[in-house]
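Visitor: This is the structure I have questions about; it appears just below.
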Amino acid sequence: MRALQDNTLSTIEKIEESRREIVKDIIHELEERAIGAGTVTFDGLHDALRKCLEEAGVHDLLLGWEISSGPP
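The opening position of the sequence shown corresponds to residue 2 in this note's numbering, with each subsequent residue numbered one higher.
Now the structure itself:
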């Protein structure tokens, strides 16, 4: 039973790491496109993306999930 729990936690950690990398890559691509088009600066876009995610509740959702999952 312990092995199953360890494998499950390992899988969850890998999924979480992949999710973070995907989000990071998407944000990077959007930033590069906007900067390349000359529509925004990096700092302005970064702040706008953070505010948008915060207003959508993503930040609170992630905090709640991290708190409920506890340390690995």
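Glycine included, each C-beta is placed from N, C-alpha and C at the ideal position.
Computed from a predicted structure; not experimentally measured.
1) To the nearest angstrom, how far is the alpha carbon of L58 from that of R3?
2) How many Å lie between K15 and E56 at the Cα?
3) With contact counted as at least three CB pairs below 8 Å, one residue from each stretch, are the stretch 19-28 and the stretch 38-45 in contact?
4) Taking only three categories from DSSP, how would you classify G45?
Guide: On the basis of the coordinates in this document:
1) The sequence given here has Gly at residue 58, not Leu. Cα-Cα distance, rounded: 35 Å.
2) Looking at the two C-alpha atoms, the distance is approximately 27 Å.
3) No contact exists between the stretch 19-28 and the stretch 38-45.
4) In this structure, DSSP gives G45 a helical state, which the three-state scheme calls helix.
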